[in-house]
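**Student:** Residue numbers (this note's numbering): 1030 to 1324.
Sending over a structure as structure tokens; questions will come in a sec.
Written out as structure tokens, the structure is:
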């Protein structure tokens, strides 16, 4: 039986930028805020962290800073995904060197490999590092998904710990849960799917919303882990509108806008992402008001 990397709420961290690079002062504040609100783990340099726009020096400095500043308060999972398998391996080896707790790896986008090539992409890295790997199935971003037979194959590898599932395919989730068991742990990759996924055995969520409401996501996951889905639903119903608003445009555009409103981020995005549209900004503010984030 594999020990899961974490149970509960994990925040897919934004990367705070200023005009000349990464804003480490705000990043430290964000890390402290996550730890103070009982976040179990963080993902650094993932999709929400705009990994595609980080140069090598920024990627390494950002990652090492987060490992150092968390100081064991939360698990640190480093995003190593990409469409160059050798580059993914280099990032995974770097994660291992700096003391990260796990790596998060997506299918290769754009190259659009075969199912066998998809398995090889993950196994090539898993064979060469000792860190637990969390697969990230997000076909809306990568254009290819991880099918059940590939999940079963990858689950046999001792370093493949689990999967962040953002496909929205609950038939697939049910198959993974029943066929892979404790050889492959599951986490929700969508805030609004956390409760149904945890009812199928998922251990928590890797969340975008917890950048701004980490306490709520921690509470929701704790309730689910205790089997108190009635209380979890009460939390969900309060925040459901906010969860939807944070995906009115491509992530992380809305969450960075929300953090700018709250004064916890400058809201700077790197091209090709651009600031949120005015109509969607007003809808986002409306949902932030409804949950008491702003007056």
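Cβ atoms here follow ideal geometry from the backbone N, Cα and C, with glycine treated the same way.
Please name the residue or residues paired with residue 1166 in a DSSP beta bridge.
**Tutor:** Taking the chain shown and counting its residues from 1, one reaches residue 1166 at position 137. 1194.
**Student:** Alpha carbon to alpha carbon, what distance is there between residue 1038 and residue 1161?
**Tutor:** The count along the chain shown starts at 1 and reaches residue 1161 at position 132. The count along the chain shown starts at 1 and reaches residue 1038 at position 9. For residue 1161 and residue 1038, the distance between alpha carbons rounds to 18 Å.
**Student:** Would you kindly check if the distance between the Cβ of residue 1234 and the Cβ of residue 1216 is under 8 Å?
**Tutor:** In the chain shown, residue 1216 corresponds to position 187, counting from 1. In the chain shown, residue 1234 corresponds to position 205, counting from 1. Yes, the Cβ-Cβ distance between residue 1216 and residue 1234 is below 8 Å.
**Student:** Count the other CB atoms within 10 Å of the CB of residue 1144; is the residue buried (16 or more) or exposed (fewer)?
**Tutor:** Looking up residue 1144 in the chain shown gives position 115. Exposed: under 16 other Cβ atoms inside 10 Å.
**Student:** Using C-beta distances below 6 Å, list every residue in its chain close to residue 1121, excluding the 5 sequence neighbours before and after it, in chain order.
**Tutor:** Residue mapping note: residue 1121 aligns to position 92 of the chain shown, counting from 1. Within the same chain, residue 1121 has close Cβ partners 1109, 1132, 1154 and 1158.
**Student:** Checking 8 Å against the spacing of the C-beta atoms, do residue 1105 and residue 1129 come in under that value?
**Tutor:** Position 76 of the chain shown, counting from 1, holds the residue named residue 1105. Position 100 of the chain shown, counting from 1, holds the residue named residue 1129. Cβ distance < 8 Å, so residue 1105 and residue 1129 count as in contact.
**Student:** What's the call for residue 1298, buried or exposed, on a 16-neighbour Cβ count within 10 Å?
**Tutor:** To locate residue 1298, count along the chain shown from 1; it is residue 269. Under this definition residue 1298 is a buried residue.
**Student:** Can you check DSSP and say which residues form a bridge with residue 1105?
**Tutor:** On the chain shown, position 76 is the one that residue 1105 refers to. Answer by DSSP bridge pairing, in chain order: 1071.
**Student:** Exposed or buried, residue 1035, counting other C-beta atoms within 10 Å across all chains shown (16 or more means buried)?
**Tutor:** Numbered from 1 along the chain shown, position 6 holds the residue referred to as residue 1035. The residue is buried, with at least 16 neighbouring Cβ atoms inside 10 Å.
**Student:** Would residue 1107 pass as a contact of residue 1148 if the rule is Cβ separation under 8 Å?
**Tutor:** By one-based count along the chain shown, residue 1107 stands at place 78. By one-based count along the chain shown, residue 1148 stands at place 119. Result no, Cβ atoms of residue 1107 and residue 1148 do not sit closer than 8 Å.
**Student:** Just to confirm my understanding: we take residue 1210, look at its own chain, exclude 5 residues before and 5 after, and list those with CB closer than 7 Å. What are they?
**Tutor:** The residue given as residue 1210 occupies position 181 in the chain shown. Around residue 1210: no qualifying Cβ.
**Student:** Where do the ends of the beta strand (DSSP E) carrying residue 1303 lie?
**Tutor:** Start at 1 with the first residue of the chain shown, and residue 1303 comes out as number 274. No beta strand (DSSP E) contains residue 1303, which DSSP labels as neither H nor E.
**Student:** I'd like to check one pair, residue 1283 with residue 1274: are the Cβ atoms closer than 8 Å?
**Tutor:** If you number the chain shown from 1, residue 1274 lands on position 245. If you number the chain shown from 1, residue 1283 lands on position 254. Cβ distance < 8 Å, so residue 1274 and residue 1283 count as in contact.
**Student:** Would you say residue 1281 and residue 1237 are within 8 Å of each other, going by their C-beta atoms?
**Tutor:** Reading the chain shown from its first residue, position 252 is the one you call residue 1281. Reading the chain shown from its first residue, position 208 is the one you call residue 1237. Yes. Within cutoff.
**Student:** Determine, using beta-carbon pairs with one atom in the segment 1080-1097 and one in the segment 1171-1183, whether at least three such pairs fall under 8 Å.
**Tutor:** With the cut-off at 8 Å, the segment 1080-1097 and the segment 1171-1183 do not touch.
**Student:** Quick check on residue 1047: does DSSP put it in helix, strand or coil?
**Tutor:** The sequence position of residue 1047 within the chain shown is 18, counting from 1. In this structure, residue 1047 counts as strand in the three-state DSSP scheme.
**Student:** Compare the C-beta of residue 1053 against all C-beta atoms of chain B and say whether one is closer than 8 Å.
**Tutor:** No chain B is present in this structure, which holds just one protein chain.
**Student:** Taking Cβ to Cβ, would you say residue 1078 is nearer than 8 Å to residue 1042?
**Tutor:** The count along the chain shown starts at 1 and reaches residue 1078 at position 49. The count along the chain shown starts at 1 and reaches residue 1042 at position 13. Contact flag set, yes.
**Student:** Check the DSSP bridge columns for residue 1326 and list the partner residues they point to.
**Tutor:** The displayed coordinates of the chain run from 1030 to 1324. Any statement about residue 1326 would go beyond what the structure contains.
**Student:** Given residue 1271, which residues of its chain have a CB within under 6 Å of its CB, disregarding the five upstream and five downstream residues?
**Tutor:** Stepping through the chain shown from its first residue, residue 1271 is reached at position 242. The answer, listed in chain order, is 1316 and 1320.
**Student:** To the nearest angstrom, report how far apart residue 1126 and residue 1119 are at their CA atoms.
**Tutor:** Residue numbering aside, residue 1126 sits at position 97 when the chain shown is read from its first letter. Residue numbering aside, residue 1119 sits at position 90 when the chain shown is read from its first letter. Cα to Cα, the separation comes out at about 11 Å.
**Student:** Of the choices 1067, 1049, 1322 and 1198, whose alpha-carbon is the least far from that of residue 1267?
**Tutor:** As a working note, residue 1267 is residue 238 in the chain shown. It is 1322 whose Cα lies nearest to the Cα of residue 1267.
**Student:** When the distance is taken between beta carbons, is residue 1076 closer than 8 Å to residue 1170?
**Tutor:** If you number the chain shown from 1, residue 1170 lands on position 141. If you number the chain shown from 1, residue 1076 lands on position 47. Yes, they are a contact pair.
**Student:** How is residue 1247 classed by DSSP in three states: helix, strand or coil?
**Tutor:** Position 218 of the chain shown, counting from 1, holds the residue named residue 1247. Correct three-state label for residue 1247: helix.
**Student:** Following a CB-centred definition, is residue 1191 positioned closer than 7 Å to any heavy atom of the ligand FAD?
**Tutor:** Only the bare structure without any ligand can be found here, which leaves the ligand FAD out of the picture.
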